[in-house]
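Converting from the sequence shown to our numbering requires adding 567 to each position, the first position being numbered 1. Worksheet: one structure, shown below.
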Amino acid sequence: MELQDGAYPLLEDVRCGSDPEEMFKDCNVVVFIGGFPRKKGMERKELLSINGQIFRTQGAALDKVAKKDVRCVVVANPANTNCLILQDSAPSIPKENFTALTRLDHNRAIS
């Protein structure tokens, strides 16, 4: 909503929904903000397994219906791993079109 309210001149459309093929159809930019949150007592491998399924599904949909020059930004942690899974699941999209926001990891590493 904030993107729409901002009336950015280059913003054509903001889509929200649950069908990735419908949402990614002909997209230029996709921001992946959601992933499964780590719950108390959950081991990292459990989290990676759940998020792996989510991002494999998203990547397959991207590969099928998104523009081949789509740019993808992954925010959902573990962002770097989720981004790699997404990229691997969309082989027709150039690897350089994927990136992850890992500033939190960076800040933790230097503190």
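The beta carbon of each residue, even a glycine, is placed where N, CA and C say it ideally should be. All values derive from a computational prediction rather than experimental measurement.
query                                                                                                             : result
Under the three-state DSSP convention, the category Ala676 falls into                                             : helix
Nearest residue (CA-CA) to Pro658, options Leu577, Lys631, Gly601, Gly608                                         : Lys631
Spatially closest choice to Lys606 from Leu615, Ile600, Val598, Lys662, by CA coordinates                         : Leu615
Spatial neighbours of Ile617 in its chain, beta-carbon cut-off 7 Å, leaving aside the 5 residues before and after : Phe603
Beta-carbon proximity of Ala628 to Pro576, cut-off 8 Å                                                            : no
For Phe622, the three-state DSSP class (helix, strand or coil)                                                    : helix
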